[in-house]
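Have a look at the structure below, then the notes.
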Amino acid sequence: MRTVFRLTLRQLASRRRLAIIVLLAAVPVGLAVLLNFFLADEEDFTEQFVNTIMGGLMISLILPIVVLTLATAAFGDEVEDRTLNMLVLKPVSRLSIVLPKLLGSITVAAPLIVAATVAVSLIALPDGGVRAAAAASAALLLGVVVYAAVFTWAGLLTTHALGFGLVYVFLWEGLASSLLPGVRYLSVRGYTLGTLYGLDDVTFRSIGQDAIELRAALIGAVVVGVAFFLLTVRRLKRMDVP
Amino acid sequence: MTASSGATIEVLGVSKWYGSVVAVNDVSFEVHPGITGLLGPNGAGKTTLLHMMAGLAKVSKGEMRVLGQQPRGGHGLYRRIGVMSEHEAVYTFLTGRELVELAARLQGVEDVKAQVDWAIDTVNLADAQDRTLGTYSRGMRQRMRLAAAMVHDPEVLILDEPLNGTDPRQRLEFERLMRELAARGRTILISSHILEEVETLASEILLIVSGKLAAAGDFRAIREKLDDRPFKLRVVSEQPRTMAAALMRLPAVDSVSIDPDDSLIVLSSNVAELQRSIAKLARDASVRLYRVEPLDDTLESVFSYVVER
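As given, the protein sequences belong to chains A and B, one line each in that order.
Each residue of the first sequence is one higher than the one before, starting from 17 at the first, in this note's numbering.
Each residue of the second sequence is one higher than the one before, starting from 19 at the first, in this note's numbering.
As structure tokens, then:
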């Protein structure tokens with residue numbers, strides 16, 4: 017598994033891809049600095065920050081797009097350039113291919129997302145934001161893992177995984193979950209918000225109305241993550257490899 | 019384990035379809051140790067067959083066995099077979115050595131360094147092994163991919179168009195290597211759409227046309243059929259009518275017609291004899307020859323002829 021993991025890291029860490037995701041992760045940090053500079057004295061600053069930067073930007077946009085960019089490429093690049101057969105024509109189980117691919121995406125995405133989360137929390141939240149930073153990091157890390165499982169599967173399912181992922185993020189996670197509250201229980205954004213609120217309901221009280229219970233969020237995240245991981249293994253076993 | 023007939027690869031009534039498109043239609047054959055050529059024009063179904071053999075594609079109907087096992091029955095078979103696919107894509111960010119090492123590690127080879135050294139030396143790429151694959155020529159990539167396919171010294175090698183992009187010297191080297199492996203009892207199945215590529219190498223051939231097995235067996239017998247086929251040539255000369263009359267006197271010529279552009283279309287069932295005689299014939303008739311070119315020497319026409327026979 018280490019061999020495939022190392023290969024995946026090198027595949028994903030191309031200069032262009034890294035530049036894109038570092039820029040994406042820097043956007044909320046930059047905005048946090050600006051908000052802190054111009055609006056820090058306002059009474060509802062924390063609430064505005066939590067809703068705009070953490071809930072609106074980090075969790076709804078930056079997190080899924082960064083993971084989408086990486087996880088769809090974990091298999092997608094190999095399907096597209098037809099190098100996947102170099103892995104599947106070897107005496108290794110499909111699970112031993114999928115797991116390091118998934119871990120590779122998480123390994124590249126997680127430090128960036130966590131670093132951006134810690135940075136915005138420390139910049140803009142009261143009392144140094146240490147507790148909030150820890151809660152937000154844990155919640156977003158959970159989001160990274162579950163999104164990675166979903167998008168790794170998508171990368172193996174279709175050559176249009178990026179488009180598929182964007183439609184999923186904006187229509188299902190964004191639109192459908194805001195119109196139909198029940199969808200939050202079937203949404204990675206819902207699990208991330210639920211975990212965030214469950215871990216620190218003081219700093220993040222303004223997202224309380226959108227958040228599902230912590231227990232439901234954790235169970236949902238585990239079920240969806242494991243289900244998509246197994247679906248990816250199944251897909252790799254059954255598909256015709258180009 | 020091999021079948022009782024000694025066949026290492028058994029294809030039993032195999033078909034493969036994609037939606038309503040039939041790529042391979044009820045094909046049966048056996049492959050034994052030694053070198054076997056899988057020939058056919060582009061789009062004939064060779065790659066689909068090899069993909070099914072390698073377990074990359076599902077069989078729609080029929081049965082496929084490699085070393086007695088179904089290719090999609092489990093990944094253990096890959097310890098015993100080596101596959102080089104048609105697509106020349108590689109991880110361009112890896113060096114040549116890293117590619118072969120990747121294959122060796124995934125194969126569970128015990129002495130990775132020794133086996134990688136052996137495979138790279140065998141394809142004569144030791145000097146270039148530390149360069150990234152993105153800087154390799156097409157032929158070099160093919161050879162390094164071959165090294166990766168055989169680094170675990172497999173019993174069966176399935177090679178899809180392995181000679182694409184190689185130069186004549188590399189082909190000779192490749193032939194030597196394949197013969198050496200065959201002499202050690204390995205089974206080597208090589209696909210190609212170029213007859214001459216396989217002619218010097220494979221004693222047995224399988225000819226696939228339009229998804230069906232058109233011929234199978236000894237290469238020489240099939241080659242004789244090919245040499246007997248009527249051959250169409252275009253002859254461009256200074257005086258086409260005089261040249262046509264001279265050509266009609268040759269026993270090797272079946273018919274001659276004159277095109278509107280005054281070139282001659284000659285049909286011959288003994289092209290070798292015609293090739294020997296045509297220059298002298300023109301000289302004797304005091305006609306200047308400008309051009310003699312084959313009109314139907316495409317693989318499709320050659321293969322179609324065999325199928326019609």
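Here a beta-carbon is modelled for each residue, glycine too, at the ideal position from N, C-alpha and C.
Since the structure is predicted, the reported quantities are computational estimates derived from the model, not experimental observations.
Just tell me which of the options has its CA closest to the CA of residue i.
i, options, result
"Leu299 (chain B)", "B:Leu164, B:Trp136, B:Val271, B:Ile99", "B:Val271"
"Arg149 (chain B)", "B:Ala201, B:Trp35, B:Thr113", "B:Thr113"
"Tyr207 (chain A)", "A:Val218, A:Thr168, A:Val238", "A:Val238"
"Tyr213 (chain A)", "A:Ala170, A:Ala151, A:Arg200", "A:Ala151"
"Phe244 (chain A)", "A:Thr168, A:Thr175, A:Leu47, A:Glu63", "A:Thr168"
"Asp256 (chain A)", "B:Leu67, B:Asn182, B:Asp44, B:Ala62", "B:Leu67"
"Leu23 (chain A)", "B:Leu74, B:Gly52, B:Leu120", "B:Leu120"
"Thr110 (chain B)", "B:Met71, B:Tyr154, B:Asp135", "B:Tyr154"
"Gly171 (chain A)", "A:Glu58, A:Asp57, A:Leu252, A:Val161", "A:Leu252"
"Met82 (chain B)", "B:Ala264, B:Met70, B:Leu190, B:Ile208", "B:Met70"
"Ile296 (chain B)", "B:Asp277, B:Glu311, B:Leu265", "B:Leu265"
"Arg254 (chain A)", "A:Ala35, A:Met17, A:Leu173", "A:Leu173"
"Ile27 (chain B)", "B:Asp44, B:Leu74, B:Gln88", "B:Gln88"
"Glu229 (chain A)", "A:Glu63, A:Leu55, A:Leu246, A:Arg200", "A:Arg200"
"Lys230 (chain B)", "B:Gly37, B:Val45, B:Leu164", "B:Val45"
"Leu178 (chain A)", "A:Met17, A:Gly46, A:Val240, A:Asp93", "A:Asp93"
"Leu156 (chain A)", "A:His176, A:Thr175, A:Ala132", "A:Ala132"
"Ser78 (chain B)", "B:Val29, B:Ala201, B:Pro278, B:Gln293", "B:Val29"
"Gly61 (chain B)", "B:Ile283, B:Ser228, B:Arg294", "B:Ser228"
Apart from the five residues just before and just after residue i, which ones in its own chain have a Cβ nearer than 8 angstroms to its Cβ?
i, result
"Pro127 (chain A)", "none"
"Tyr308 (chain B)", "Val254, Ser255, Glu256"
"Ala25 (chain B)", "Glu48, Val49, His50"
"Ile113 (chain A)", "Val20, Leu103, Val104, Leu252"
Below 7 angstroms CB to CB, which residues in the same chain sit around residue i once its five sequence neighbours on both sides are set aside?
i, result
"Lys76 (chain B)", "Arg90"
"Leu9 (chain A)", "Because chain A in this structure spans residues 17 to 258, residue 9 (chain A) falls outside the shown range and cannot be described."
"Glu104 (chain B)", "Thr65, Asp178, Glu179"
"Leu111 (chain A)", "Val249"
"Pro172 (chain B)", "Arg98, Ile99, Gly100"
"Thr85 (chain A)", "Arg33, Ile36, Ile37"
"Asp216 (chain A)", "Arg147, Ala148, Ala151"
"Ala164 (chain A)", "Val83, Ala87, Leu118, Ser121, Ile122, Ala125"
Only counting the same chain, and skipping five residues up and downstream in sequence, which positions put a Cβ closer than 6 angstroms to that of residue i?
i, result
"Gln257 (chain B)", "Val305"
"Arg161 (chain B)", "Val141, Leu143"
"Val289 (chain B)", "Phe249"
Alpha carbon to alpha carbon, how far is residue i from residue j?
i, j, result
"Thr54 (chain B)", "Leu224 (chain B)", "7 angstroms"
"Ala303 (chain B)", "Leu268 (chain B)", "13 angstroms"
"Gly236 (chain A)", "Val146 (chain A)", "27 angstroms"
"Leu187 (chain A)", "Leu195 (chain A)", "10 angstroms"
"Glu214 (chain B)", "Gly235 (chain B)", "16 angstroms"
"Glu48 (chain B)", "Lys34 (chain B)", "18 angstroms"
"Ala132 (chain B)", "Gly157 (chain B)", "24 angstroms"
"Ile361 (chain B)", "Met196 (chain B)", "Look at the range of chain B in this structure, 19 to 327, and you will see that residue 361 (chain B) is not part of it."
"Leu40 (chain A)", "Arg26 (chain A)", "20 angstroms"
"Met168 (chain B)", "Val40 (chain B)", "32 angstroms"
"Val183 (chain A)", "Val161 (chain A)", "19 angstroms"
"Met19 (chain B)", "Ala227 (chain A)", "Caution applies to Met19 (chain B), whose pLDDT of 43 falls short of 50 and renders its modelled position unreliable; the model cannot decide the point."
"Pro312 (chain B)", "His211 (chain B)", "19 angstroms"
"Ser38 (chain B)", "Pro258 (chain A)", "19 angstroms"
"Phe180 (chain A)", "Val166 (chain A)", "11 angstroms"
"Gly203 (chain B)", "Ile176 (chain B)", "14 angstroms"
"Ile81 (chain A)", "Phe192 (chain B)", "47 angstroms"
"Val237 (chain B)", "Thr205 (chain B)", "Reading the sequence as shown, one finds Phe at residue 237 (chain B) and not Val. If you take the alpha carbons of Phe237 (chain B) and Thr205 (chain B), they lie about 17 angstroms apart."
"Ala21 (chain B)", "Gly86 (chain B)", "For Ala21 (chain B), the pLDDT reaches just 47, beneath the cut-off of 50, and the residue's location in the model is therefore unreliable, although a value from the coordinates is still provided. Using only the alpha carbons, I get a separation of about 6 angstroms."
Short check: CB of residue i to CB of residue j, under 8 angstroms?
i, j, result
"Ala262 (chain B)", "Val254 (chain B)", "no"
"Ser124 (chain B)", "Val218 (chain A)", "What sits at residue 124 (chain B) in the sequence shown is Leu, not Ser. Their beta carbons are not under 8 angstroms apart, which means Leu124 (chain B) does not touch Val218 (chain A) by this criterion."
"Val174 (chain B)", "Val84 (chain B)", "yes"
"Arg259 (chain B)", "Ser281 (chain B)", "no"
"Val134 (chain B)", "Arg159 (chain B)", "no"
"Phe65 (chain A)", "Leu138 (chain A)", "no"
"Val118 (chain B)", "Ala166 (chain B)", "yes"
"Ala220 (chain B)", "Ile226 (chain B)", "no"
"Gly63 (chain B)", "Val42 (chain B)", "yes"
"Leu234 (chain A)", "Gly159 (chain A)", "no"
"His170 (chain B)", "Val127 (chain B)", "yes"
"Leu205 (chain A)", "Ser76 (chain A)", "The sequence given here places Arg at residue 205 (chain A); Leu does not occur at that position. A contact, by the Cβ cut-off of 8 angstroms."
"Ala107 (chain B)", "Thr99 (chain A)", "yes"
"Val95 (chain A)", "Ser121 (chain A)", "no"
"Pro116 (chain A)", "Leu73 (chain A)", "no"
"Ala232 (chain A)", "Gly210 (chain A)", "yes"
"Ile223 (chain A)", "Asn52 (chain A)", "no"
Chain E partners of residue i, CB-CB under 8 angstroms?
i, result
"Val136 (chain A)", "Reference to chain E is not applicable here, since the protein chains of this structure are A and B."
For this session: Quick one: which unbroken alpha helix (DSSP H) runs of 4-plus residues sit fully inside the stretch 30–70 of chain A? Chain order, please.
Result: 31–55, 61–65
Problem set entry | Runs of beta strand (DSSP E) wholly within the stretch 85–137 of chain B (minimum 3 residues, chain order) | 99–102
Problem set entry | 3-residue-minimum beta strand (DSSP E) runs that sit fully inside the stretch 241–310 of chain B, ordered along the chain | 249–255, 271–276, 282–286
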